[in-house]
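Okay, so the sequence shown: first residue is 214 according to my numbering, each after it adds one. Built from N, CA and C at the ideal position, the CB exists for glycine as well. Source: prediction; values computed, not measured. Okay, structure first, notes after.
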Amino acid sequence: MLYRGSCHCGRIRFEVEGEVDSGMACNCSMCSRKGSLLWFVPRENLRLLTSEDAASTYLFNKHVIRHRFCPTCGIHPYGEGAGPGGVRMAAINLRTLEDFDLSSVPVKHYDGKSA
C-alpha cells in the first residue's frame, strides 16, 4: 500500500510504502511530548517529495535517531535510524498520513523511558 503524508504546513511531504499492521506509542522523554504514533519501515520505503533540506533534525541522548521535523510548523513526520542488524529504518508518524484511520491499527506500547 502506498501512503502520502506531510507536516501541517506542507513544507515536508512524503510517500511511504508498506502495510501498516500496528502503531507504537513510546513513553520516552521525546515521544511522550510529541505524541507520535510510530510505524517502522525500511528507509528505502520512504520517498521524500520535497527537498531533504526542508526538514530540520534534532538529536538527543545517544544521537542514533535523527528526529526530523518541520522548522515552520513544528510537526515531526518521521525519524531515521538503524534497526537491529544495522538496517536503515524510518519511523513514520502515523498521525501525519493523509486519509489514514488511526483506529484501524492496534497500538503497542514501548517503555522507552526505561530503555
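_Within 10 Å of its beta-carbon, does P319 have 16 or more other beta-carbons around it, so buried, or fewer, so exposed?_
Counted from its first residue, the sequence shown places residue 319 at position 106. So P319 counts as exposed.
*Presumed contact (8 Å Cβ cut-off) between R224 and E311, rounded CB distance*: Counting from 1 along the sequence shown, the entry for residue 224 is found at position 11. Counting from 1 along the sequence shown, the entry for residue 311 is found at position 98. Not quite, the Cβ-Cβ distance comes to about 15 Å (not below 8 Å), so this is no contact.
*Is the beta carbon of H289 less than 8 Å from the beta carbon of K247?*
Counted from its first residue, the sequence shown places residue 289 at position 76. Counted from its first residue, the sequence shown places residue 247 at position 34. Yes, they are a contact pair.
*Beta carbon of T309, beta carbon of C239: below 8 Å?*
To locate residue 309, count along the sequence shown from 1; it is residue 96. To locate residue 239, count along the sequence shown from 1; it is residue 26. Against a cut-off of 8 Å, the Cβ pair of C239 and T309 comes out as no contact.
*Thinking just about the alpha-carbon of each residue, which of A303, D324 and L307 is nearest to the one in E257?*
Residue mapping note: residue 257 aligns to position 44 of the sequence shown, counting from 1. That would be A303, whose Cα lies nearest to the Cα of E257.
*Among all the DSSP beta bridges, which residues are the ones paired with N306?*
Along the sequence shown, read from residue 1 onward, the residue named residue 306 stands at position 93. Bridge partners of N306: L251.
*Straight-line Cα distance separating T263 from V229*: Position 16 of the sequence shown holds residue 229. Position 50 of the sequence shown holds residue 263. Roughly 13 Å separates the two Cα atoms.
*In terms of alpha-carbon separation, which member of A267, A295, G298 and L272 lies closest to C283?*
Here residue 283 refers to the residue found at position 70 when the sequence shown is read from its first residue. Measuring from the Cα of C283, the nearest candidate turns out to be A267.
_Quick check: the Cα distance between Y280 and S317, rounded to an integer number of angstroms?_
Position 67 of the sequence shown, counting from 1, holds the residue named residue 280. Position 104 of the sequence shown, counting from 1, holds the residue named residue 317. Inspection of the sequence shows that residue 280 is occupied by His rather than by Tyr. Rounded to whole angstroms, H280 to S317 spans 25 Å at the Cα level.
*Using the rule of at least 16 other Cβ atoms within 10 Å of the residue's Cβ for burial, across every protein chain shown, is P274 buried or exposed?*
Translated into positions along the sequence shown, residue 274 becomes position 61. The question names Pro, but residue 274 in the sequence shown is Asn. By the neighbour-count rule (16 or more Cβ atoms within 10 Å), N274 is not buried but exposed.
_Distance between F313 and P255 (C-alpha atoms, nearest Å)_ = The residue given as residue 255 occupies position 42 in the sequence shown. The residue given as residue 313 occupies position 100 in the sequence shown. Roughly 20 Å between the two C-alpha positions.
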